[in-house]
Amino acid sequence: MAVVVRNLTKTFGSQYAVNDISFEARDAQILGFLGPNGAGKSTTMKLLTGYLQADSGVAEVGGYNVESQGLQARQQIGYLPENNPLHTDMYIKEYLGWVAGFYKIPHARKRVAEMIDLVGLQREQHKKIGQLSKGYRQRVGLAQALIHDPAVLFLDEPTAGLDPNQLVEIRQLIRDLGQNKTILFSTHIMQEVTALCDRVMIINRGHLVADGPVEELQDRLSSSSRLVVRTESPVDGNVFSRIPGVAGVERKEGGRLFWLTVAPGQQVQGKVFHAAVQAGWTLTELHTESKGVEDVFQQLTKDQG
Numbered sequence: 004m005a006v007v008v009r010n011l012t013k014t015f016g017s018q019y020a021v022n023d024i025s026f027e028a029r030d031a032q033i034l035g036f037l038g039p040n041g042a043g044k045s046t047t048m049k050l051l052t053g054y055l056q057a058d059s060g061v062a063e064v065g066g067y068n069v070e071s072q073g074l075q076a077r078q079q080i081g082y083l084p085e086n087n088p089l090h091t092d093m094y095i096k097e098y099l100g101w102v103a104g105f106y107k108i109p110h111a112r113k114r115v116a117e118m119i120d121l122v123g124l125q126r127e128q129h130k131k132i133g134q135l136s137k138g139y140r141q142r143v144g145l146a147q148a149l150i151h152d153p154a155v156l157f158l159d160e161p162t163a164g165l166d167p168n169q170l171v172e173i174r175q176l177i178r179d180l181g182q183n184k185t186i187l188f189s190t191h192i193m194q195e196v197t198a199l200c201d202r203v204m205i206i207n208r209g210h211l212v213a214d215g216p217v218e219e220l221q222d223r224l225s226s227s228s229r230l231v232v233r234t235e236s237p238v239d240g241n242v243f244s245r246i247p248g249v250a251g252v253e254r255k256e257g258g259r260l261f262w263l264t265v266a267p268g269q270q271v272q273g274k275v276f277h278a279a280v281q282a283g284w285t286l287t288e289l290h291t292e293s294k295g296v297e298d299v300f301q302q303l304t305k306d307q308g
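Here my numbering is used: the first residue of the sequence shown is 4, the next is one more, and so on.
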């Protein structure tokens, strides 16, 4: 496994930032940490990259213990922190050459040129970092994280603050990199998960509350489904609440749209249709709506303030 985490815990005072989490990540997998702000995503990243020391538990990257074999582990790691701390007074090539020096990379100029091509900085390569847009600074951050060809990439909120065009470009770059590297990235943006992830872990108040493929999480966590009913004219929704298998009714649009919560294992669509016909109502919409990532996220993090 590229990453192995066992019972990892980190506290700040009396508060648990990371509370006894365990997971594994295989090679060439894009894994997303999804959670509200303050859930423990960045702290987990810092523990796995060796920037913070855990109170207890074990973290291994590339087969090396992050704490007891820190140097070997760091050679396997590329890290883009959330705030992407760059030297803005340095030129792009100068900065990447400086980073290459830390890793004692042979033929550093060639490697810098390769990174500039890989992350799409060709047109900007002669500029100072301080002259770059947010999107291009993120590319520089990715280049420095990749320059030593690590097996595992840790990306903390890599698309935060990007405009729509930059967002598409950075997502595609991450997707391409994930074909031969393990990537763990944190986000609180649910669309990132469906756009990028092979697998998602939802973290809430330091606890790992879900772990698996997006589709599997939706199937496993959706204990009930929602039936969407729309009528031509406003109607009395109490009729729906009396149908066996309907666990709840939410009224919308002045009584022309209803969200019916259906109890697990129940099939009520035919009963709803029959009730509407009996009442003389004209239905313009009737379908079951499956829960998406947003529903799962809200279900698992609803206690987060």
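Each residue gets a CB set at the ideal place from its N, CA and C atoms; glycine is no exception.
Measuring CB to CB, does residue i end up less than 9 Å from residue j?
i, j, result
"residue 187", "residue 48", "yes"
"residue 91", "residue 24", "no"
"residue 155", "residue 79", "yes"
"residue 121", "residue 149", "yes"
"residue 173", "residue 138", "yes"
"residue 153", "residue 53", "no"
With DSSP collapsed to three states, give me the class of residue i.
i, result
"residue 218", "helix"
"residue 16", "coil"
"residue 137", "helix"
"residue 307", "Unreliable placement is indicated for residue 307, whose pLDDT of 47 sits below 50; the coordinate value is still reported in the next sentence. Three-state result, residue 307: coil."
"residue 284", "coil"
"residue 48", "helix"
"residue 277", "helix"
"residue 271", "coil"
"residue 69", "coil"
"residue 41", "coil"
"residue 253", "strand"
"residue 75", "helix"
"residue 197", "helix"
"residue 238", "coil"
First and last residue of the beta strand (DSSP E) that includes residue i?
i, result
"residue 159", "155-159"
"residue 100", "Segment 95-105 is the alpha helix (DSSP H) holding residue 100; no beta strand (DSSP E) there."
"residue 205", "202-207"
"residue 165", "Premise fails: residue 165 is in no beta strand (DSSP E) and is neither H nor E."
Could you tell me if residue i is buried or exposed, where buried requires 16 or more neighbouring beta carbons within 10 angstroms of its beta carbon?
i, result
"residue 43", "buried"
"residue 291", "exposed"
"residue 308", "Below a pLDDT of 50, predicted positions are generally treated as unreliable, and residue 308, at 43, falls in that range; no measurement from the model is reported."
"residue 107", "exposed"
"residue 159", "buried"
"residue 147", "buried"
"residue 105", "exposed"
Quick check on the DSSP output: the alpha helix (DSSP H) that includes residue i runs from which residue to which?
i, result
"residue 241", "241-244"
"residue 108", "Neither: residue 108 is in no alpha helix (DSSP H) and is coded neither H nor E."
**Meets three-Cβ-pair contact criterion under 8 Å: the stretch 29-41 and the stretch 203-212** = Between the stretch 29-41 and the stretch 203-212 there are three or more C-beta pairs closer than 8 Å, enough to call the two in contact.
If you pair each beta-carbon of the stretch 233-244 with each one of the stretch 46-66, do three or more pairs fall below 8 Å?
-> No: fewer than three Cβ pairs fall under 8 Å.
Next item on the list: Please confirm if the stretch 268-283 is in contact with the stretch 239-253, defined as three or more CB-CB distances below 8 Å between the two stretches.
Entry: Three or more beta-carbon pairs drawn from the stretch 268-283 and the stretch 239-253 are found closer than 8 Å, and the two stretches are therefore classed as touching.
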